[in-house]
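Undergrad: By full-length UniProt numbering, the letter at position 411 of the sequence shown is numbered 411, and the numbering carries on one by one without gaps. Each residue gets a CB set at the ideal place from its N, CA and C atoms; glycine is no exception. Mind having a look at this structure? Questions to follow.
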Amino acid sequence: MGSDLSVGQGVPVDGRAKSRRAPLGVVVLAVLAVVLVAVSTGPNVVVGRAGEVPAADLGATALAQLARLDDLRLRGTLDTDGGVGLGIDLVALASGETTATVTDGAGGVATFVAVDDKVVVNANNAWWLNTVPVYAHQIGGKWVKATEEMGFPIGMLTALSGKRLRELVTGDDWTAEPTVYVDGTPAVALSPRGSPWTVYLSSEGGTRLLGIGGPLAATGEKLLGQPGGQASNFPYALVSTSGVDDPCRQRTDRALTDAKQQAVTAPAPPPMPEVGHGPDISVTLVPTGTCMTPSCPTPVDIRNAGDEVATGMVSVFSTSGGGGALPITVGPMQSVQQVFQVINPASTCTQTCTRPYTVTAFAQLTGIAGPDLDTGKRLHDRGVDPNRPVPTRPEVAGPDVNSVIDKLATPGPAVAGFAKQDDPLLDDVIALVQNSGDARLLSLLTVLARHPAIAVAPDAPSPAIALAKAAVKGKGAERLAARQALSLLAGLAQEGGRAPNTLRVDKGLLVDTQAKRVYSIASVTNPEDRDRRVYDAADKALTAFAGIDTTGLAKVLVLDFGDSFPAYGQVQRNVLVDQLSLHDAGGKRLVDLLRGASGEPVVAELVVANKLTREHVPEGRYVFSTDDLRALVHQRPATAPTRKPTGRDLVYTTPNLEHMLQGDPYDPANPGKQNRGGHGAGMGAPGKTEFPKAWTVDDIKAAIQQVVDQGKTFDKNGDPTDSPRSDRNHMNAQVWSWRFVGKATVKGITVGLDLYVYQDGVFRNGYPDIRGNKILDRDKVHVDKSETLDDQAIFKNPDAPPAAPQVTGARTFPPRYNRDSDTWEYPAVGQDGRPAVDQSGKPVVYTTDNAGALAPGSPVPVLGCWP
Numbered sequence: 001m002g003s004d005l006s007v008g009q010g011v012p013v014d015g016r017a018k019s020r021r022a023p024l025g026v027v028v029l030a031v032l033a034v035v036l037v038a039v040s041t042g043p044n045v046v047v048g049r050a051g052e053v054p055a056a057d058l059g060a061t062a063l064a065q066l067a068r069l070d071d072l073r074l075r076g077t078l079d080t081d082g083g084v085g086l087g088i089d090l091v092a093l094a095s096g097e098t099t100a101t102v103t104d105g106a107g108g109v110a111t112f113v114a115v116d117d118k119v120v121v122n123a124n125n126a127w128w129l130n131t132v133p134v135y136a137h138q139i140g141g142k143w144v145k146a147t148e149e150m151g152f153p154i155g156m157l158t159a160l161s162g163k164r165l166r167e168l169v170t171g172d173d174w175t176a177e178p179t180v181y182v183d184g185t186p187a188v189a190l191s192p193r194g195s196p197w198t199v200y201l202s203s204e205g206g207t208r209l210l211g212i213g214g215p216l217a218a219t220g221e222k223l224l225g226q227p228g229g230q231a232s233n234f235p236y237a238l239v240s241t242s243g244v245d246d247p248c249r250q251r252t253d254r255a256l257t258d259a260k261q262q263a264v265t266a267p268a269p270p271p272m273p274e275v276g277h278g279p280d281i282s283v284t285l286v287p288t289g290t291c292m293t294p295s296c297p298t299p300v301d302i303r304n305a306g307d308e309v310a311t312g313m314v315s316v317f318s319t320s321g322g323g324g325a326l327p328i329t330v331g332p333m334q335s336v337q338q339v340f341q342v343i344n345p346a347s348t349c350t351q352t353c354t355r356p357y358t359v360t361a362f363a364q365l366t367g368i369a370g371p372d373l374d375t376g377k378r379l380h381d382r383g384v385d386p387n388r389p390v391p392t393r394p395e396v397a398g399p400d401v402n403s404v405i406d407k408l409a410t411p412g413p414a415v416a417g418f419a420k421q422d423d424p425l426l427d428d429v430i431a432l433v434q435n436s437g438d439a440r441l442l443s444l445l446t447v448l449a450r451h452p453a454i455a456v457a458p459d460a461p462s463p464a465i466a467l468a469k470a471a472v473k474g475k476g477a478e479r480l481a482a483r484q485a486l487s488l489l490a491g492l493a494q495e496g497g498r499a500p501n502t503l504r505v506d507k508g509l510l511v512d513t514q515a516k517r518v519y520s521i522a523s524v525t526n527p528e529d530r531d532r533r534v535y536d537a538a539d540k541a542l543t544a545f546a547g548i549d550t551t552g553l554a555k556v557l558v559l560d561f562g563d564s565f566p567a568y569g570q571v572q573r574n575v576l577v578d579q580l581s582l583h584d585a586g587g588k589r590l591v592d593l594l595r596g597a598s599g600e601p602v603v604a605e606l607v608v609a610n611k612l613t614r615e616h617v618p619e620g621r622y623v624f625s626t627d628d629l630r631a632l633v634h635q636r637p638a639t640a641p642t643r644k645p646t647g648r649d650l651v652y653t654t655p656n657l658e659h660m661l662q663g664d665p666y667d668p669a670n671p672g673k674q675n676r677g678g679h680g681a682g683m684g685a686p687g688k689t690e691f692p693k694a695w696t697v698d699d700i701k702a703a704i705q706q707v708v709d710q711g712k713t714f715d716k717n718g719d720p721t722d723s724p725r726s727d728r729n730h731m732n733a734q735v736w737s738w739r740f741v742g743k744a745t746v747k748g749i750t751v752g753l754d755l756y757v758y759q760d761g762v763f764r765n766g767y768p769d770i771r772g773n774k775i776l777d778r779d780k781v782h783v784d785k786s787e788t789l790d791d792q793a794i795f796k797n798p799d800a801p802p803a804a805p806q807v808t809g810a811r812t813f814p815p816r817y818n819r820d821s822d823t824w825e826y827p828a829v830g831q832d833g834r835p836a837v838d839q840s841g842k843p844v845v846y847t848t849d850n851a852g853a854l855a856p857g858s859p860v861p862v863l864g865c866w867p
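Laid out in structure tokens, this is it:
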């Protein structure tokens with residue numbers, strides 16, 4: 001018996017490329033939204049204050065406050081030269097020790113600590129994936145010595161102090177401009193003429209230092225190889241400035257205690273991959289001629305032509321069976337040989353026969369590519385070196401990168417079989433990964449690559465490929481739409497309870513068969529002929545729904561505005577509503593486009609994204625419901641109606657009911673006045689009267705119906721009238737409305753109500769009338785103690801919270817009055833824009849008395865420290 005050996009040889013490892021980080025991510029912390037709130041008489045005097053104050057005096061005040069910050073906390077955004085922002089939360093102590101927590105907006109978090117002119121870093125896998133992907137497998141979650149190539153300008157960490165910043169900002173001929181700081185505080189922006197720095201002072205409640213903007217990365221040179229170093233890669237920062245106190249000081253001390261030891265013992269990071277350096281492995285199968293034994297010895301030569309030790313596994317596969325994997329360690333410019341046993345296919349012959357078999361072999365450096373040899377073999381068999389999948393960028397390597405290439409480039413739906421080596425799809429995927437430093441693409445692809453929730457047709461590539469190509473190579477609106485689609489698809493795929501194959505991309509639309517929804521995206525970036533472009537983009541996206549069968553699916557239109565798109569790109573929700581309702585492009589109106597022939601909206605939901613939503617709003621988008629859209633597209637009759645609505649006509653929509661009971665939803669992108677409305681018992685909205693605690697929502701509705709059926713309507717001056725008034729609904733559409741006033745009795749409780757109802761019966765708002773009821777307030781209940789609260793009482797909250805509460809500087813939702821404890825409650829906002837919770841999962845709520853002093857047992861907010 002005998003067998004002829006056909007040799008398949010491993011692909012040699014290519015060289016290494018010089019690394020330069022192209023950070024991924026989007027800004028997740030606040031950036032400055034400059035809004036002029038006053039005018040100045042000249043560059044050196046600010047008006048709109050109690051008195052005119054020379055800019056030079058304000059500048060001196062700001063610098064003096066800055067210099068007094070011996071222990072300094074900075075929190076805000078550090079921009080890269082590519083326009084991507086890193087979130088920073090930094091503490092620099094007077095002792096020279098500094099900690100910085102840095103986020104990249106794509107799941108990456110890194111902690112940098114500077115002690116004794118040494119800097120160490122501990123970053124999660126996502127941070128390295130978005131900076132130096134090969135490090136994700138090697139040092140994710142481990143302390144190592146930091147270098148300039150790790151995506152952050154470490155040189156500034158040992159040069160930050162209030163005094164140092166004061167020296168940098170000091171100048172002559174100060175200019176001052178009234179503005180609104182990012183936290184909503186009226187402020188003055190101060191700059192020495194010709195200086196790149198701006199200092200922000202509050203202009204109400206005392207001149208308090210708020211923050212500073214400028215080239216923060218250029219402040220230090222101690223740790224840089226040459227003056228300037230990485231500073232040019234991080235041209236601008238905007239940070240809030242404050243002192244350091246408990247509990248942030250405690251957190252910093254704990255971090256430093258650990259980091260001091262780490263600064264001494266932390267190892268250097270692995271060498272940064274470079275073309276022409278590192279291990280260079282080739283695998284050769286040694287021919288053995290005809291095998292005459294049941295098991296055929298198969299020698300394999302492994303040569304390392306590189307300048308570093310190669311450690312990993314060599315794998316051998318035979319079409320006849322056998323082979324396996326063995327560990328290897330090969331020094332620079334050395335060779336080793338391993339012998340594998342494969343099955344002789346002719347061993348089953350009953351007489352002399354010759355049967356061919358094929359053996360292939362490849363080597364995988366586990367320190368770079370990880371231990372997954374199955375993925376490595378699939379890539380190897382398609383002509384891709386798993387150790388260097390992107391030959392020109394050796395730092396873009398590792399298990400995550402291999403997984404993305406393998407899963408995206410393997411036709412669906414199963415990972416089986418091997419494609420030919422000249423597969424053009426594989427080239428497309430590698431090109432995408434090579435450009436993964438652009439807008440967190442690699443992070444998104446790691447989620448989307450062969451995600452079980454995303455349906456992939458047999459013998460077809462993942463839909464993420466076409467989207468990712470457009471996100472990298474597209475221009476303007478196409479690129480923005482592709483990035484929105486990738487982000488939306490990734491978010492939907494990661495929802496809890498998501499079933500397999502329930503998401504697909506069909507003719508450019510995202511289809512969610514689990515939630516029964518279909519999304520069409522309209523993106524606008526070109527500001528020329530602004531309103532026409534908005535109309536055309538929306539029209540095109542709505543027309544796209546007709547391209548597929550949408551039976552049983554709720555249609556969702558996504559409007560995505562570029563960061564710099566005028567009027568829409570940088571506005572909050574309330575302003576955006578006005579813009580959408582008033583949009584007119586030469587007679588073509590957006591509201592007409594969104595209204596069907598029946599008068600109903602043509603989509604079930606409108607989702608809008610812009611710069612502010614991407615930076616501040618959870619999920620990165622505003623969502624307008626069907627009720628919102630019905631209000632937006634409402635057409636008011638030209639002639640005022642004469643018939644008043646009756647109780648049977650009443651229609652309660654979710655936005656209006658929530659407005660009455662809880663108040664309008666909080667917009668995290670708009671720190672100004674929020675939560676208008678809110679008359680439910682115990683809601684605590686400043687200045688609002690509240691329904692009796694004994695009344696349920698159905699009881700309130702029953703009372704409203706009684707008053708509407710009485711038919712007594714009044715004008716804004718309180719005079720009786722049967723005529724409606726011209727009004728606007730919550731989406732700024734014109735309506736006719738009546739104001740009903742009367743008394744209702746439910747559960748034996750009689751309450752005078754003031755109500756607003758539109759001509760079609762849609763209820764807008766209602767509350768206990770302050771003139772028609774016995775009203776209890778804080779003075780009667782808690783000061784004079786002449787009245788006692790019970791579940792039948794009608795209570796009016798104090799008109800305003802304390803003027804200077806001891807939560808100033810903390811990021812909170814609007815305050816609410818607690819009528820039972822006579823305190824004001826300020827729910828804390830977390831870093832993600834959602835309600836903050838403590839380690840036990842309990843919401844963090846700051847509490848003050850009516851004078852603004854923190855109540856006993858309240859958490860202590862610290863400026864610059866997240867709850």
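#1: Within 10 angstroms of its Cβ, does residue 291 collect 16 or more other Cβ (buried), or is it exposed?
#2: For residue 753, does the three-state DSSP call read helix, strand or coil?
#3: Would you mind sorting residue 861 into buried or exposed? The rule is 16 or more other CB atoms within 10 Å of its CB.
#4: Name the two residues that bound the continuous beta strand (DSSP E) containing residue 512.
#5: Are the region 735–745 and the region 712–720 in contact at 8 angstroms, needing three or more beta carbon pairs?
#6: Rounded to whole angstroms, what's the CA-CA distance from residue 29 to residue 107? Just pull it up for me.
#7: Which complete alpha helix (DSSP H) runs does the region 586–648 hold, if anything under 4 residues is left out?
#8: Identify which residue in 639, 749, 655 and 353 has its Cα closest to the Cα of residue 723.
#9: Starting from residue 316, follow its DSSP beta bridges and name the residues at the other end.
#10: Could you tell me whether the region 526–545 touches the region 490–500, where touching means 3 or more Cβ pairs closer than 8 angstroms?
#11: Do you know how far the Cα of residue 111 is from the Cα of residue 858?
#12: With distances taken Cα to Cα, identify the nearest neighbour of residue 430 among 456, 475, 382 and 459.
#13: Grab me the residues of residue 616's own chain with a C-beta within less than 8 angstroms of its C-beta, minus the 5 sequence neighbours each way, in chain order.
#14: With 16 other CB atoms within 10 Å as the buried threshold, where does residue 296 fall?
#15: Near residue 21, what residues of its chain come up, given a Cβ to Cβ distance below 6 angstroms and the 5 sequence neighbours on each side ignored?
#16: Do residue 201 and residue 209 have their beta-carbon atoms positioned less than 8 angstroms apart in this structure?
#17: On a CA-only basis, which of 480, 258, 307 and 461 is nearest residue 504? Give me that one, please.
#18: Leaving out the 5 sequence neighbours to the left and right, which residues in its chain are closer than 7 angstroms to residue 823 when beta-carbon positions are compared?
#19: For the UniProt region "Disordered" (710–730), list the beta strand (DSSP E) runs that are entirely contained and at least 3 residues long, ordered along the chain.
#20: Rounded to a whole number of angstroms, what is the C-alpha to C-alpha distance between residue 652 and residue 762?
#21: Can you list, in chain order, the residues of its chain with a C-beta nearer than 6 angstroms to that of residue 329? Leave out the 5 residues immediately preceding and following it.
#22: Whether or not the region 364–381 and the region 131–143 are in contact is what I'm after, with contact meaning three or more pairs of Cβ atoms, one per stretch, closer than 8 angstroms; do they touch?
#23: Within 10 angstroms of its Cβ, does residue 439 collect 16 or more other Cβ (buried), or is it exposed?
#24: Using 8 angstroms as the cut-off, can you tell me whether the region 595–613 makes contact with the region 696–710, which would need three or more C-beta pairs spanning the two stretches below that distance?
#25: Out of curiosity, what's the CA-to-CA distance linking residue 802 and residue 234?
#26: Do residue 180 and residue 199 have their CB atoms nearer than 8 angstroms?
#27: Provide the residue span of the alpha helix (DSSP H) that contains residue 164, from first to last.
#28: Is it the case that the region 786–797 contacts the region 686–693, given that we only count it when at least three CB pairs across the two stretches are under 8 angstroms?
#29: How is the alpha helix (DSSP H) around residue 424 delimited, first residue to last?
#30: Should residue 557 and residue 632 be called a contact, given that it needs their Cβ atoms to be closer than 8 angstroms?
#31: Taking its Cβ as the centre, do 16 or more other Cβ atoms sit within 10 Å of residue 204, making it buried, or is it exposed?
#32: Given this structure, state the Cα-to-Cα distance separating residue 343 from residue 282, to the nearest angstrom.
#33: Quick one: what's residue 296 bridged to in DSSP?
#34: On the premise that residue 211 lies in contact with residue 238, defined as a C-beta separation below 8 angstroms, what is that separation, rounded to the nearest angstrom?
#35: With 8 angstroms as the threshold, decide whether the Cβ of residue 242 is near any Cβ in chain D.
#36: What's the C-alpha gap between residue 418 and residue 411?
TA: According to the structure shown:
#1: buried
#2: strand
#3: buried
#4: 509–512
#5: yes
#6: Low per-residue confidence applies at residue 29: pLDDT is 24, beneath 50, and the placement is therefore not dependable, though the value from the model is reported in the following sentence. Rounded to the nearest angstrom, the two C-alpha atoms are 13 angstroms apart.
#7: 590–594, 611–616 and 626–632
#8: 639
#9: 324 and 361
#10: no
#11: 29 angstroms
#12: 382
#13: 30, 668, 669 and 833
#14: buried
#15: Only weak support exists for where residue 21 lies, its pLDDT of 30 falling under 50; the value from the coordinates is given anyway. If we look at residue 21 and ignore the five residues flanking it on each side, its Cβ neighbours are 131 and 151.
#16: yes
#17: 461
#18: 847, 848, 849 and 855
#19: 725–728
#20: 6 angstroms
#21: 311
#22: yes
#23: Reliability fails at residue 439, whose pLDDT of 48 lies under 50, so the model's placement of it is uncertain and the value that follows must be treated cautiously. Buried: at least 16 other Cβ atoms inside 10 Å.
#24: no
#25: 40 angstroms
#26: no
#27: 162–169
#28: yes
#29: 424–434
#30: no
#31: exposed
#32: 24 angstroms
#33: 342
#34: 7 angstroms
#35: Of the protein chains in the structure, only one exists, and it is not chain D.
#36: Here residue 418 scores only 42 on pLDDT, less than 50, and its place in the model is too uncertain to base an answer on.
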